[in-house]
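Below is one structure, written out as structure tokens; the observations come after it.
Numbering (the working numbering), first residue to last: 10 to 485.
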């Protein structure tokens, strides 16, 4: 495809007749790739094809136009979704399929898919003097800004085309982690590759300083992303030499310093609201799968499980009761009496639109950016926030099904476990459990965990080999 760059200096105006050029001292389009003034920004090009016979959203005769979506109001062609610099307008790495059709949305309808990169070719446009053909086709991209990822130009992490849109319905995996959990994260990734089925991508969200430690995890289905892509610019990590109990902290002039534990919670919310998937399964680094886990039943628009352990938070649990209180304050809800519901667990599922609405609710109640609001209190739980938000909104509540437990056997205490104790933990697993978790702060050696997993796998293989002949004999 021939490269063509459009520079505008007030060159176009919108009218019912389509795109018309304004008068200027040059009175022509500049297709040279350079603006008459270097400081002149590239303006958004809007293509109103509803009244134009020369602009079609079908690239070839073999690819018909995208049909209009049902809805009230006159339709118009959706256009470039954000201001783009000239170097990003025709960047071929942003699009793998040049023949992707432009979307079409009703004027009164909501946007179809904000994460979708769409494109079309513009070969001519209407003027009052008649149609004007361009010497080279121009590829129009729609790539909206992604809050928290890259506010200045389209984010390359969303390299999505129409061919790949089906993958966005699959559940994506999210794992915030850092350097001290590298060995545990290795176990998690190995078990995910072995047992987890039907997921789209596995995102590892790590501090910028630890990127080199996790870069070897990159693969076709696993992406390592720096935390700075999701955090606001005013929240910055302290140098590693300034640590407390070997923990990294982030600071700003707006709030008190926050720990990496807080930042990992921010990353879960920011990644869920920004990445191009409808559903997410959040996995901590200390989770290990020991059975196959099929995720296709949780794909959009199916309902996803919401952990709700009723009457679990009591007055003698100071931290949990405080999280219940702050969750309701941030969401503008009356605080319930204790005992209250607990929503904290492992293998948690989140819905994108629900998380976006939760963040918007926090901002509306506090009149602050949601990260700043959470940083000012510092006594919060992301799972408590999500759970209580869902339970108090009928619309988003319908997207979830309540469950009193997850499919993960968890160990939350401090003392490290021996190999025999780990085997006992695995023997507690029910027939529906697929994973176990040993808290990273327990100090249980990774070698011990790995040995227990291998021993459990050998036992499962032996049981299968023993039971299978009986089944075959019964069939005979």
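We put the CB at the ideal spot given by N, CA and C, even for glycine.
- Linking residue 302 to residue 205 through their CA atoms gives a straight-line distance of about 5 Å.
- A straight-line Cα-Cα distance of about 8 Å links residue 184 and residue 211.
- Around the Cβ of residue 241, a 10 Å sphere holds 16 or more other Cβ atoms; the residue is buried.
- Annotated three-state conformation of residue 195 is helix, per DSSP.
- DSSP places residue 327 within a helical segment (H, G or I) once states are collapsed to three.
- Going by DSSP, residue 270 is part of no beta strand (DSSP E) but of the alpha helix (DSSP H) stretching over 269–283.
- Around the Cβ of residue 257, a 10 Å sphere holds 16 or more other Cβ atoms; the residue is buried.
- Taking the Cα positions, residue 314 is about 24 Å away from residue 231.
- Bridge pairing for residue 417: 444 [DSSP].
- DSSP places residue 351 within a strand segment (E or B) once states are collapsed to three.
- Counting along the chain, the unbroken alpha helix (DSSP H) around residue 393 starts and ends at 391–400.
- In terms of Cα proximity to residue 384, the closest of 190, 266, 419, 406 is 266.
- If you draw a straight line from the Cα of residue 288 to the Cα of residue 260, it is about 31 Å long.
- Going by beta carbons, residue 296 and residue 451 fall outside the 9 Å limit.
- Under the 10 Å beta carbon count, residue 433 is surrounded by fewer than 16 other beta carbons and is classified as exposed.
- As computed with DSSP, residue 303 is found in a beta bridge with 206.
- By the 16-neighbour rule on beta-carbons within 10 angstroms, residue 323 is exposed.
- If you compare the alpha carbons of 188, 244, 239, 202 with that of residue 220, the shortest gap goes to 188.
- By the C-beta criterion, the region 268–284 is judged to be in contact with the region 368–386, since at least 3 inter-stretch pairs fall below 8 Å.
- By alpha-carbon distance to residue 272, the top candidate from 196, 214, 373, 394 is 214.
- A check of alpha carbon separations from residue 454 across 430, 465, 440, 413 identifies 430 as the nearest.
- Spanning the alpha carbons of residue 426 and residue 437 requires a straight line of approximately 15 Å.
- In this structure residue 388 does not touch residue 344 by the C-beta definition: roughly 13 Å separates them, more than the 8 Å allowed.
- By the C-beta density criterion, residue 251 is exposed, having fewer than 16 other C-beta atoms within 10 angstroms.
- Taking C-beta separations shorter than 8 Å and ignoring five residues to either side along the sequence, the partners of residue 207 in its chain run 179, 180, 303, 304, 305, 308, following chain order.
- Remark: C-beta atoms of residue 290 and residue 358 approach each other more closely than 9 Å.
- Within the same chain, 428, 431, 432, 435 come within 7 Å of residue 461 by CB-CB distance, once the 5 residues on both sides are set aside.
- Residue 352 and residue 392 have their C-alpha atoms roughly 6 Å apart.
- If you check the CB distance, residue 415 and residue 316 come in under 9 Å.
- Where residue 231 is concerned, the enclosing beta strand (DSSP E) starts and stops at 231–235.
- The C-alpha of residue 409 lies about 12 Å from the C-alpha of residue 398.
- Here residue 299 is buried. Its C-beta has 16 or more other C-beta atoms within 10 Å.
- Beta-bridge partners of residue 258 (DSSP): 268.
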